[in-house]
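As given, the protein sequences belong to chains B and U, one line each in that order.
First residue of the first sequence? That's 0 in numbering that gives the first Met the number 0, and the numbers climb one at a time after it.
First residue of the second sequence? That's 0 in numbering that gives the first Met the number 0, and the numbers climb one at a time after it.
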Amino acid sequence: MTKLRHLVWMVTAVIGLMLSTSQGFAQSPDADEPGRVPDAGYQLDPEWQKQVVYYRTTEAPGTIIISTAERHLYLVQGNGRALRYGIGVGREGFQWQGLLNISRKAEWPDWVPPPEMIARQPYLPRFMAGGPGNPLGARAMYLGTTVYRIHGTNQPDTIGTAISSGCFRLVNADVMDLYDRVPVGTKVIVRQKPQL
Amino acid sequence: MRTFRGGLTIGLAVAVLVAAAAITYERYDTRTLKRTQRRGEVLCGVNKGLPGFSIPDDKGNWTGFDVDFCRAVASAIFDDPSKAKFVPLDASERFKELQNRKVDILSRNSTWSMSRETNYDLYFPAVAYYDGQGFMIPRSRNIDSALDLNGSKVCVQSNTTTQLNLADYFRANNMKYTEMKFDKLDDVVKAYDSGQCDTLTSDASQLYALRLNLSKPNDQVILADIISKEPLAPVVRLRDDDWMMIVKWTLYAMINAEELGITSKNIDEALKSKKPEVMRLVGTEGTYGEDLGLTKDWAVRIIRHVGNYGEVYDRNVGSGSQLKIPRGMNQLWNAGGVQYAPPIR
């Protein structure tokens, strides 16, 4: 009995360690469908459509504010308004909140699922060139020196949900729109749901 | 002679007492909570039918933002949201009916203004919903600011504050417009839907409701600009401070709960929290509920039965409803809006 309990604890610890050290875990969606080309006619629910909304903030125009609980990304416009995009967020793991900067931007990024991710989802490709079927979608904006990024998706139906592992996903049309509006160096503020 | 005088004195004294009691009754009602508790239900004046705010279905079940607020008050007192009884009231009679004690509370999309407090001896404890006048435009116009509306044909209902606000806004911003006014709201909507106007103006909450009935709702957008102040608030009688405090802190408990991340789903987890702000709200620390004349778990009851402010908003008028009104000004103060509750401390 004690041995069994030990074994259970060991296995749990090992899995926990794997998850916590897994960089790639955060790099891309979990239930990925590499190769799936998104339906161009896919229409987002109004809640997730890009729109100008009332937004009161002391942050300067051009700042990005991400609210993971709301599944919204705001690009501050000043004058009490912001451009709001619907996003998909991480299911777990990414509890970090605070300020980052966009350190690099890439069009149609390649995807290299890290070994930890391959271990969990052995069917994933080892390398996938950028393109419409790539889970990272049309654009990626890298956040500081972290493994997190704001990127597109080949699964528009996951916007508004929490299924990836920490990245912030927008539909391709939106991520392309955002990409053209923000330079490298843009401030990105991440806000999480308060902890009880 | 002596007996006559004595009788007169007693008679006068009684008359004065009765008059004083009558005046006191008339001027001061400080027993709403006691009467509510004795009755076993909260009488709540609501709109007869306003989608998202208060509307009965064919079985007489009420839903809406205003309705849920009353259920929150009933939950705080009775630990039972079904102890809220809804009394539909017309706009013209609502304040009189509250004054005449036909209801304990008015939760009926009423704009808080100074004259309403002073003229009716009423009190608006706190803003439940920040509404205001906005503009709906066809998506194809590709405009995202009301300041781009120069030269527009504007559909508006005549003889309303809306019409006056419209004139003020365009004048203040040096813009021209052609007024397309109609007596009935239905005609305003028809005119817009048939393309007779470039934009339609009304209170934002109403624009979202009207949009549902247009021929192509998805082709319409409502601009983020709000050009007037319409703070919607519950109403109670003036000078019944104990009751007013319950109504006010019911709303503030819901707003604070959202800010602290406490929902109807994680309320049991919140009861185990060691975070001081959470502990004070759920009553594991302090005597805030008792000090209000209620129980320790007053806020827990509200959150468990009705939910926090965001849950109530989303379910009735927000993303989980047909209306899908963005939170806008009604978002919390630290998340882009102006909803702000004083701390429980």
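From the three backbone atoms N, C-alpha and C, an ideal C-beta is built for every residue, glycine too.
Predicted model only: the values in this text are computed from it and were never measured.
- Its Cα nearest to that of B/Asn100, the residue B/Ile65 stands out among B/Ile65, B/Ala161 and B/Pro124.
- Interface residue (Cβ-Cβ distance to chain U less than 7 Å): B/Tyr53 is classified as such.
- Judged by their CB atoms, U/Leu49 and U/Val234 are not nearer to each other than the 7 Å cut-off.
- Taking the Cβ atoms as the reference, U/Asn315 lies roughly 5 Å from U/Gly51, within the contact range of under 8 Å.
- Measuring C-alpha to C-alpha distances from B/Leu82 to each of U/Ile301, U/Gly194 and U/Ile142 identifies U/Ile142 as the nearest.
- Listed in chain order, the positions of the segment 262–289 of chain U with a beta carbon within less than 7 Å of a beta carbon of chain B are Asn265, Glu268, Ala269, Ser272, Lys274 and Val277.
- Only Asp224 and Ile225 from the segment 224–248 of chain U bring a Cβ to less than 9 Å from some Cβ of chain B.
- Chain order gives the chain B residues near U/Lys323 as Asp44, Pro45 and Glu46, where near means a beta carbon separation below 9 Å.
- Residue pairing from DSSP leaves U/His304 without any beta-bridge partner.
- Identification of chain B residues near U/Met328 by a Cβ-Cβ cut-off of 7 Å yields Tyr53, ordered along the chain.
- When only Cα atoms are considered, U/Phe77 and U/Met328 end up about 31 Å apart.
- Taking C-beta atoms as the reference points, B/Ala105 and B/Ala128 fail to come closer than 7 Å.
- Taking the C-beta atoms as reference points, B/Trp47 is found no nearer than 7 Å to B/Ile149.
- In the DSSP annotation of this structure, the continuous segment of the beta strand (DSSP E) that includes U/Gly44 starts and ends at Val41 to Val45.
- With distances taken between CA atoms, U/Leu105 lies nearest to U/Trp242 out of U/His304, U/Lys271 and U/Trp242.
- The beta carbon of U/Asp103 is closer than 8 Å to those of Thr31, Arg34, Thr35, Val41, Leu42, Cys43, Val235 and Trp242 in its chain, skipping five residues each way along the sequence.
- Bounds of the alpha helix (DSSP H) holding U/Lys247 are Asp240 to Leu259.
- Against chain B, the beta carbon of U/Ala334 has neighbours under 8 Å at Ser66, Glu69 and Arg190, listed in chain order.
- The Cβ-Cβ distance between U/Met135 and U/Leu199 falls below 7 Å.
- In this structure, the alpha-carbon of U/Asp186 lies about 27 Å from that of U/Gly317.
- Around the C-beta of B/Trp110, 16 or more other C-beta atoms lie within 10 Å, and the residue is accordingly described as buried.
- Rounded to whole angstroms, the Cβ separation of U/Asp65 and U/Asn46 is 7 Å, and the two are in contact under 8 Å.
- Within the segment 142–154 of chain U, the residues whose Cβ lies closer than 7 Å to any Cβ of chain B are, in chain order, Asp143.
- Where B/Glu46 is concerned, there is no enclosing alpha helix (DSSP H), because DSSP gives it neither an H nor an E.
- When Cβ pairs closer than 8 Å are counted between the two stretches, the segment 144–154 of chain U is seen not to touch the segment 123–131 of chain U, the count staying below three.
- Setting aside the 5 residues that flank it on each side, U/Tyr119 is surrounded in the same chain by Phe94 and Gln98, each with a C-beta closer than 7 Å to its C-beta; the list follows chain order.
- Relative to the Cα of U/Pro80, the nearest Cα in the group U/Ile261, U/Gly319, U/Trp61 and U/Asn108 belongs to U/Trp61.
- Each of U/Glu229, U/Ala340, U/Asp224 and U/Ile301 was checked against the Cα of B/Asn78, and the nearest Cα belongs to U/Asp224.
- Shortest Cα-Cα distance from U/Asp130 to any of U/Val86, U/Asp202 and U/Thr262 involves U/Asp202.
- When Cβ-Cβ separations below 7 Å define contact, B/Arg80 makes contact with chain U.
- If you look at U/Cys154, you'll find it in the beta strand (DSSP E) that goes Ser151 to Gln156.
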